[in-house]
Amino acid sequence: MNTYEIIKALANSRKMTVAELERKLDLSNGSISKWAKSTPNSKYLEKVADYFDVSVDYLLGRSAKQVEFDLDKAIDNAMSFDGKPVTEHDRKMMKQLWKAYMAGKE
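Here the sequence shown stands for residues -5 to 100, where the numbers follow our numbering.
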């Protein structure tokens, strides 16, 4: 798959069109579609990668797998400001914040 096809598949997984993605990211109309035949500008490619939480390498087809993010594992490795492990209450709050953040990206 080329970069355009990968981005189109990611957009479809979020039930959106490439045109909707372009508007959401403030890219010019048809700019992503042009990536089917040309190399995208790294600035815009990073914007798309950040939106979908994937690596630029994934979008370029260099990495066969999306970056998997395990929130529980990340929280397990986190420490509170005073260097103590995260409490169960804080863990729940972090998960809620992350879910709200991801919902806002859709």
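Using N, Cα and C, we set each Cβ at its ideal position, and we do this for glycine too.
Keep in mind it's a predicted model, so treat the numbers as computed, not measured.
When secondary structure is reduced to three states using DSSP, M88 falls in the helix class.
I1 is the residue among M73, I1, K28 and H83 whose C-alpha sits nearest the C-alpha of E40. Spanning the alpha carbons of L54 and T81 requires a straight line of approximately 39 Å. Cβ-Cβ separation between Y45 and S25: approximately 14 Å, too far for a contact (criterion under 8 Å). Spanning the alpha carbons of S27 and S57 requires a straight line of approximately 21 Å.
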